[in-house]
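One structure below.
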Amino acid sequence: MKSNQMNQKVLHLLFILMTCASLVPLLLVFSASFTDEKSLVTNGYTFWPSEWSLGAYRYLFHSSTSILHSYSISLFVTIVGTAVGVLISSMLAYPLSRKDMPLRNLFSFLVFFTMLFNGGLVTTYLVYTNLLEIKNTIWALMIPGLLTNGFFILIFRTFFTMGIPKEVVESAYMDGASEVKIFFRIVLPLSLPVIATIGLMQSINYWNDWFNGLIYVTKPNLFTLQNLLNRMMSDIQFLQTTNLGTSSALSGIQFPTGTLRMAMAVVGLLPIMLAYPFFQRYLVKGLTLGAVKG
Amino acid sequence: MKQHNFRTSLRRLKRYQMLFLLMVPGMAYLIINNYIPMIGILIAFKDYGSATWLFGGDWVGFKNFEFLFKTSDAWVITRNTLLYNGAFIVLNTVLGIAFAIFLNEVRHRFFSRFYQGVILMPFLISMVIVAYIVMAFLNVENGYLNKHILPMLGMETINWYGEPKYWPYILMIVNTWKSIGYGSVLFLAAIIGIDSEYYEAAVLDGATKWQQIRKITIPLIMPTITILTILSVGRIFYSDFGLFYQVPLNSGPLQPTTDVIDTYVYRSLITLGDVGMSSAAGLYQSVVGLVLVLFTNYIVRKKDKDQAIF
């Protein structure tokens, strides 16, 4: 029996090394954010600061208006975008899962084809800016990522095909329930696991999205947290110059350029890291679902 | 007969109109977000300067493409895109399979789940923050490498964000760090699905671990490997925009080794406002991308029909 097992000690050693490789980069950012600004300039980034300081966080705290504002934009976009996205994808996927649906193959193909071919950034950009004129609106952060592509729809379709017994739908129809009612009252409640999984993936996409903000938004008051971070990378003074961030309490504090960046990165990382242990299982399930043929 | 078919389908349509209703928002979205831009792709054959919206402008034939392919840009971005994504496909597949097998061997369930969770963590971090992390290591004045590692090795400091030659390695490391957990999750799911009887029989026959991996595990997860490879080869012309835009901090001197089709299209459109050039590059990407998916799927279909995607 023993020969059939890999050496457990070697395995654990390997994975402890992997764990370090995954986490150490985060640790560097984390400890830099607690370093004194002068010490960061002279001693560089270290895993253990020679001089600890809360200066960067103090600064963030005082200029918190713009950060809190960006947080709320991110939160709003994530929640509303995910809810609407999941609703629309499942509504589109359900009829496609019904074997008796007329034109089912045509519509399925139309969904599937969006995964094979797309118009690319230029024409999409022109449609959204010239046709829908969503530039510098909250919709710019939400609409372009709503269904991403046919992918989630196809996952929903597979689930509905496998997980919803035909007899249940048919008997409800015989009892006089309309197809819409069947969908909302019977199909959706039976599909909570897949809704949770796709909702999770969708919300991670929204929370981490900076691309739509980068191309469609120039107004600072619509910046998501990611866009604020992105902007601060190229323009660290941004927090200082934007009128959202100015506060009289800051005038006396020296602007902590390097550590402030890292503190911002920590602030951006924290929500997902804290929530991660709770959703890890669903995430793993969601990622695997995506790889299943369907 | 035809008449009859038509009438029954009309009756069926009536019963199913509610289901059609459910599809309206989603289909409307796909039309706006996907199909109109697909038609709009024709602007690659137009002089956009004279028009203000998607369907305006004078036809100029292949002029935009001529401009694109006359410069060395087209060659550089194509080469970079193919080499990077090719390397990523190989690295992610090989390492993904290796770590899936290792994870599967960890006997303690708690630990295998814990390890999986940790190596998957970088996958959740947005590229903006990844760029911050990389900068903490590579910053010229006080980054960890220049301040601590290189002096320790007695080497000169390096201007990381100005020297293109290091970036293929940097980007490969960053990409592997970020996506190795994802790959191992996918392959682990396939490995868990393998019937344990195969292994029990192999052990009775005295097969070593290595033989079991080579003769049982790999062949049985081959369908998953094939599908994932088709999907990634089909997308080999598309890059992870964030990796190539955020991580090198959009640095100009790095472009010879960090510019890919996606960053080129973005820069031409947003920074330079050159719709003609960027749409030509975008169309080039979309068409070659489509051909690649169809081609890889065709090859797989020829070898083994069951493993093809469509």
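Protein chains in written order, with this note's numbering: chain L, 310 to 603; chain V, -16 to 293. Idealized CB from N, CA, C, for every residue including glycine. Please read these numbers as outputs of a predicted model, since none were measured by experiment.
Separation of L/D345 and L/A572 (C-alpha to C-alpha, rounded to the nearest whole angstrom) is 12 Å. By the rule that beta-carbons nearer than 9 Å mark a contact, L/W357 does not touch chain V.
Taking C-beta atoms under 8 Å as the contact rule, L/N427 and V/M21 qualify, at a distance of about 7 Å. The beta-carbon of L/T467 is placed no less than 9 Å from the nearest beta-carbon of chain V. Using a Cβ-Cβ cut-off of 9 Å, L/Y403 is close to L2, L5 and M6 of chain V, given in chain order. Against V/M135, chain L offers no close residue; the least beta-carbon distance is about 12 Å (beta-carbon pairs closer than 8 Å).
Around the Cβ of L/S543, a 10 Å sphere holds fewer than 16 other Cβ atoms; the residue is exposed. Bounds of any alpha helix (DSSP H) do not take in V/N142, whose DSSP letter is neither H nor E.
Fully contained in the region 440 to 522 of chain L are the following alpha helix (DSSP H) runs of length 4 or more, in chain order: 448 to 451, 460 to 472, 475 to 483, 488 to 491 and 501 to 517. By DSSP's assignment, V/W42 forms a beta bridge with V/K29. Every alpha helix (DSSP H) of 4 residues or more that sits fully in the region 316 to 346 of chain L is shown, in chain order, as 317 to 342. The C-beta distance from V/W150 to V/L237 rounds to 6 Å, short enough to fall under 8 Å. Look at the region 318 to 340 of chain L: the residues with a C-beta under 8 Å from a C-beta of chain V are L320, H321, L323, F324, M327, T328, A330, S331, L332, P334, L335, L337 and V338.
For L/W361, the three-state secondary structure derived from DSSP is strand. Among the residues of chain V, none has a CB under 8 Å from the CB of L/T568; the nearest is roughly 11 Å distant. For V/A291, the secondary structure class from DSSP, reduced to helix, strand or coil, is coil.
Any Cβ of chain L closer than 9 Å to the Cβ of V/V271 would place that residue at the interface, and such an atom is absent. Note on geometry: alpha-carbon atoms of L/F532 and L/S379 lie some 6 Å from one another. When the Cα atoms are used, V/P147 and V/N158 turn out to be separated by approximately 17 Å. Remark: C-beta atoms of V/A264 and V/V248 approach each other more closely than 9 Å.
With distances taken between CA atoms, V/I210 lies nearest to V/T279 out of V/Q194, V/L(-7) and V/T279. Residues of the region 360 to 383 of chain L with a Cβ closer than 7 Å to any Cβ of chain V: none. Counted as a single uninterrupted DSSP element, the alpha helix (DSSP H) harbouring V/F94 occupies residues R92 to L103. Between the alpha carbons of L/G595 and L/G459 lies a gap of roughly 15 Å. By the neighbour-count definition (other C-beta atoms within 10 Å, threshold 16), V/Q194 is an exposed residue.
For the C-beta of V/G69, not a single chain L residue is nearer than 9 Å; the gap to the nearest is close to 20 Å.
Taking a C-beta distance under 9 Å as the contact criterion, V/V276 and V/V186 do not qualify as a contact pair. L/L596 has a beta carbon lying within less than 9 Å of a beta carbon in chain V.
One thing to note: V/F120 has its Cβ within 9 Å of the Cβ of V/L128. Non-local C-beta neighbours of V/V243 in its own chain, meaning closer than 7 Å and more than five positions away in sequence, comprise I60, N63, T64, Y67, S222 and F227, ordered along the chain.
Within the region 511 to 529 of chain L, contact with chain V at the beta-carbon level (separation under 9 Å) is assigned to I513, W516, N517, D518, W519, F520, L523 and I524. Around the beta-carbon of L/P334, 16 or more other beta-carbon atoms lie within 10 Å, marking it buried.
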